[in-house]
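>
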Amino acid sequence: MPTKIEKDSVTGTHTTGHEWDGIKELDTPLPRWWVYVFYACILWAVGYWVLYPSWPYGRDYLRGALGWSMRAEITEDMAAARAAQAGIRGRIEAASLERIVADPDLLTFAIVGGAAAFADNCAPCHGSGGAGAKGYPNLADDDWLWGGSLDAIETTIRYGIRSSHEETRISDMPRFGADELLEPDEIDAVAEYVLSFTGRATDAAAAKRGADIFAENCAACHGDKGEGTQELGAPRLNDAIWLYGGDKATIVETVTNARRGVMPTWVGRLDEATIKMLTVYEHSLGGGT
Amino acid sequence: METNTIMNSVSETVPVEDAVSTKAGGKQPLYAPRIPVYPKRVSGTFRRIKWIALTVLLGIYYLLPWLRWDRGPGAPDQAVLIDMPNRRAYFFFIEIWPQEVYYLVGILILAALGLFFATSLAGRVWCGYACPQTVWTDLFMWVERRVEGDRNARMRLDRKPFGLAKAARKLAKHAIWLVIAFLTGGAWIMYFADAPTVLREIFTLQASETIYFFTGFFTVTTYIMAGWAREQVCTYMCPYARFQGAMLDEDSLVVTYQRWRGEPRGKHKKGTSWEGRGHCVDCNQCVAVCPTGIDIRDGQQLECIGCGLCIDACNGVMDKVGLPRGLITFDTAANQQARAAGKPTRYRLARPRTIIYALLMIIIAGTMLWGLTFRTTLEVSVLRDRSPLFVTLSDGDIRNGYTFKVLNMTREARVYTVALSGLDGATLTIIGATPRDDTSAEVTVKPDSVGTYRLYVRLPRDRVTASSLPLSFVVTDQSTGTTALHQTVFRGP
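Order-wise, the sequence lines are chains A and B. The C-terminal position of the first sequence is numbered 294 in this note's numbering, with every residue numbered one higher than the one before it. The C-terminal position of the second sequence is numbered 510 in this note's numbering, with every residue numbered one higher than the one before it.
Below, the structure written as structure tokens:
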């Protein structure tokens with residue numbers, strides 16, 4: 006609390022009356038220009054209220070005489086960015102996928118633009134780098150369910166898999182166990198046989214039994230040696246990549262209930278240039294194979 | 018005081034003249050009015066140095082942007098240019114990319130150390146001679162003196178009631194100030210865009226809003242700072258005045274009134290003896306010429322900008338009364354004590370403080386020079402994919418993905434060989450590159466740009482002996498043979 010206001014003999018200025026251990030605080034007046042700047046700031050603030058969005062009232066707020074809004078500004082920025090990209094996006098839309106990949110400018114733009122579109126639309130299932138997850142294919146490896154060529158990838162993105170589009174890619178693996186097409190011990194034998202493709206079978210006798218069952222029930226789609234058929238979307242069974250898991254229990258489960266993952270159709274939801282950029286980006290993720 | 022609109026209401030209760038003084042029991046006003054400073058014209062050594070510094074510095078400032086420097090086609094031909102939209106800075110033969118901001122940091126560190134060094138040697142010489150605030154204030158004061166006359170004439174003019182003659186002079190002064198301010202603001206813009214183009218655009222009203230805004234902004238700030246604010250910038254706004262005390266010591270040369278010689282001061286009649294009195298004739302010339310309006314005889318104070326004009330003024334007076342010059346002089350506090358006691362004086366320019374500052378400056382300058390000399394026009398950056406860390410391929414091989422960037426800082430397209438080394442059995446693929454063999458490929462990067470590529474390294478499963486294996490990429494510029502090495506790792510399960 007202020008105690009005693011006195012006049013300082015050296016400066017001729019009053020003290021504030023505050024004192025700490027004998028140290029007194031001078032009440033030095035501010036320079037005049039400083040006070041002017043302070044008043045100017047107050048006027049500036051009032052001007053700001055009038056010109057820019059400021060006070061809230063009820064469900065609305067004072068919108069400001071300039072009609073400025075952050076949302077309008079970002080819309081303008083986005084429009085400007087789109088206009089700036091229009092040229093190269095137009096070239097991408099017009100070019101074939103092969104042309105895009107062969108042209109360094111288009112390729113660079115498509116990969117960067119594709120990566121952005123991928124993060125927005127695909128990453129929730131396929132992972133930020135396309136690494137996938139159980140049931141969601143890894144797009145960064147060299148094993149493609151429906152083909153890894155530019156055209157195959159574009160078709161998949163465009164129409165999806167088991168999607169609502171009439172041109173969707175469809176493959177229906179029978180539910181061998183659930184629909185009682187195979188007995189549990191037969192399924193077990195088939196699983197052993199499938200493991201033998203990658204040299205992992207532990208029960209040679211069961212695998213041998215499974216070979217016949219496989220030839221009758223599975224080979225039509227998955228191939229005699231489990232090499233898969235991309236036209237039918239039948240996965241390879243003789244490699245190191247498993248969409249749902251390659252251990253015996255998981256294989257038994259897959260054969261019993263089948264798997265029917267769904268990918269949505271993107272045609273109509275993404276524009277043509279974006280679909281092409283996504284295709285090129287995903288193609289580059291898999292190392293172009 | 019000409020403009021006092023807001024304060025007039027206050028000054029009804031507290032007269033302006035009385036604002037700082039205290040009346041018994043009365044409340045103090047909110048503000049202290051500026052005490053106007055009317056620096057008198059002076060001539061002498063330090064004034065001459067100031068004119069030379071002013072001419073050289075303003076010359077550099079106004080003319081530098083007009084200097085041309087041929088960099089070949091496609092590049093700006095302005096010697097000093099900061100090209101914001103294209104993220105490049107040009108300084109004669111040096112071309113800086115944004116990631117080389119450490120050169121700017123180096124310059125800032127050098128500037129700070131240089132300031133400390135100069136201050137510990139000779140006080141606030143920066144403030145007195147080279148600071149833009151001082152240089153432009155000096156120029157504005159020169160204009161003021163040409164238009165309104167010297168100190169006494171200006172004081173008389175300000176006391177006069179407002180009339181046509183006074184208005185004409187004031188108007189002329191402010192008009193010239195504004196022209197100089199506009200030229201200053203305009204010249205600033207020239208450092209950020211092609212000078213001849215900007216000049217043409219400004220006067221044909223075709224320049225961008227940004228250019229008009231900044232020209233206007235710096236016009237206004239120059240006019241206010243050099244015309245109106247002047248010494249208040251140094252006293253109230255500049256932090257340097259406040260911490261200069263930490264840089265000065267008893268061996269620093271500062272503008273000093275030699276109290277032992279000058280006191281007791283007093284008026285002196287020609288022909289009378291100097292016995293029993295000091296050499297200061299109390300003519301107040303040192304106060305009259307001071308651009309910050311202080312009395313140097315009160316000793317070292319924060320308002321003093323160390324310009325030495327009081328030395329020139331005092332020397333002139335000493336010549337007239339027939340006494341040796343240097344009653345006010347650049348001297349050290351230690352020497353002043355020695356002189357007062359009649360002991361020998363000595364100057365210690367080399368002392369730990371100055372030696373450390375000098376050494377640091379040499380180290381920083383040396384490092385920058387080294388960096389510039391061995392600066393390569395090729396830079397490589399490799400970012401290993403984090404998601405996924407690695408990919409298992411169908412045959413069990415492991416593949417890592419990298420984002421690979423080559424910065425071609427030259428003015429022509431370059432072909433680079435990218436080779437993989439340090440990882441036996443690994444193969445390299447780059448999207449968009451021409452393959453050479455299993456471990457190398459060629460990429461072509463456009464002039465003055467960054468080439469970005471997806472790069473894959475594949476390693477047979479049985480070679481993946483650890484979860485992290487070192488490997489490196491060697492990038493060779495085919496036309497010069499310059500190589501850049503980038504070390505990274507290969508991750509596996």
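Glycine residues also receive a C-beta, built at the ideal position from the N, C-alpha and C atoms. Treat the numbers as computed from the prediction; the structure is a model and nothing was measured.
Is the separation between the beta-carbon of V272 (chain B) and that of G333 (chain B) shorter than 8 Å?
no
> What residue range is occupied by the uninterrupted alpha helix (DSSP H) comprising A128 (chain A)?
DSSP places A128 (chain A) in the uninterrupted alpha helix (DSSP H) bounded by A128 to H131.
> Give me, in chain order, the residues of the same chain whose beta-carbon lies closer than 6 Å to that of S137 (chain B); leave out the 5 immediate sequence neighbours on both sides.
M264, S269, R370 and T371
> Are E197 (chain A) and G215 (chain A) touching if we call contact CB-CB under 8 Å?
Their beta carbons are under 8 Å apart, which means E197 (chain A) touches G215 (chain A) by this criterion.
> Where R68 (chain A) and S225 (chain B) are concerned, what is the direct C-alpha to C-alpha distance, given to the nearest angstrom?
Straight-line spacing of the CA atoms in R68 (chain A) and S225 (chain B) works out to 28 Å.
> DSSP state of F109 (chain B), grouped into three classes?
The three-state reading of DSSP puts F109 (chain B) in coil, since its state is none of H, G, I, E or B.
> Are R515 (chain B) and G76 (chain B) close, meaning C-beta to C-beta below 8 Å?
Chain B is shown only over 18 to 510; residue 515 (chain B) falls outside these bounds and no answer can be derived.
> By the DSSP assignment, the alpha helix (DSSP H) with W194 (chain B) in it spans what residues?
L181 to M207
> Closer than 7 Å by beta-carbon distance: list the chain A residues that pair up with D402 (chain B), in chain order.
G134
> I want to verify the contact list: residues of chain B whose CB lies under 9 Å from the CB of V51 (chain A), in sequence order.
Result: empty, since nearest Cβ-Cβ is about 15 Å, beyond 9 Å.
> Give the straight-line distance between the Cα atoms of S457 (chain B) and R471 (chain B), rounded to the nearest whole angstrom.
14 Å
> Could I get the ranges of all uninterrupted alpha helix (DSSP H) runs contained in the stretch 88 to 169 of chain A, with 4 residues as the minimum, in chain order?
Positions of the alpha helix (DSSP H) runs, each at least 4 residues long and wholly inside the stretch 88 to 169 of chain A, are given as 102 to 107, 109 to 126, 128 to 131 and 155 to 164 in order along the chain.
> Throw me the rounded Cβ distance for the V491 (chain B) and K422 (chain B) pair, which I believe falls under 8 Å.
That pair is no contact at about 15 Å.
> Am I right that L222 (chain B) and L156 (chain B) are in contact with their C-beta atoms under 8 Å? What's the rounded C-beta distance?
With a contact defined as Cβ atoms closer than 8 Å, L222 (chain B) and L156 (chain B) miss out at about 28 Å.
> Closer than 8 Å by C-beta to D441 (chain B): which residues in its own chain qualify, once you throw out the five before and the five after it? Chain order, please.
R480
> Using the three-state DSSP reduction, which class does Q318 (chain B) fall into: helix, strand or coil?
coil
> Rounded to whole angstroms, what's the CA-CA distance from Y229 (chain B) to S398 (chain B)? Just pull it up for me.
39 Å
> Taking a contact to mean a Cβ-Cβ separation below 8 Å, would you say I280 (chain A) touches E103 (chain A) in this structure?
no
> Can you check which of these residues, B:D412, B:R453 and B:S484, is closest to P477 (chain B) by C-alpha distance?
B:D412
> Quick check on the DSSP output: what are the complete alpha helix (DSSP H) runs of length 4 or more inside the stretch 444 to 497 of chain B, in order along the chain?
Runs of the alpha helix (DSSP H) lying entirely within the stretch 444 to 497 of chain B, each at least 4 residues long, are absent.
> Closest to T346 (chain B) by CA distance: which of B:I113, B:I313 and B:V506 is it?
B:I313
> Counting C-beta neighbours from all protein chains within 10 Å, is the total for K284 (chain B) 16 or more, i.e. buried, or is it exposed?
exposed
> Establish whether the CB of L35 (chain A) and some CB of chain B are separated by less than 8 Å.
Taking Cβ atoms only, chain B reaches closer than 8 Å to L35 (chain A), which makes this a yes.
> I need the straight-line Cα distance from E218 (chain B) to M207 (chain B), nearest angstrom please.
12 Å
> Could you run through the stretch 361 to 384 of chain B and flag, in chain order, every residue whose CB is less than 8 Å away from some CB of chain A?
Look at the stretch 361 to 384 of chain B: it has no residue with a C-beta under 8 Å from a C-beta of chain A.
> Along chain B, which residues have their Cβ under 9 Å away from the Cβ of L271 (chain A)?
Per the sequence shown, residue 271 (chain A) should be read as Trp rather than Leu. Correct list: empty, because the minimum Cβ distance to chain B is about 22 Å.
> For D108 (chain A), which of B:T232, B:I124, B:I448 and B:R278 has the nearest alpha-carbon?
B:I448
> Enumerated in chain order, which unbroken segments of the alpha helix (DSSP H) with a length of 4 residues or greater are wholly contained in the stretch 227 to 263 of chain A?
Counting only runs of 4 or more, we get 253 to 262.
> Since V306 (chain B) and P56 (chain B) should fall inside the 8 Å C-beta cutoff, what is the C-beta to C-beta distance between them, to a whole number of angstroms?
Confirmed, about 6 Å.
> If we ignore side chains and look at the alpha-carbon of each, how far apart do P178 (chain B) and G63 (chain A) end up?
56 Å
> With distances taken from CA atoms, which of B:V462, B:L81, B:G418 and B:R403 is nearest P213 (chain B)?
B:L81
> Opposite H4 (chain A) in the DSSP bridges: which residues?
Lying outside 6 to 294, the shown extent of chain A, residue 4 (chain A) is not represented and no answer is given.
> Measure from the alpha carbon of G1 (chain B) to the alpha carbon of each residue in B:G325, B:L127, B:T227 and B:P50, then state which is nearest.
A query on residue 1 (chain B) cannot be resolved here, the shown segment of chain B reaching from 18 to 510 and no further.
> On the criterion of 16 or more Cβ atoms from any shown chain inside 10 Å, does P281 (chain B) qualify as buried, or is it exposed?
exposed
> Could you check what DSSP says for Q95 (chain B) in three-state terms: helix, strand or coil?
strand
> Which of helix, strand or coil does DSSP assign to H503 (chain B)?
strand
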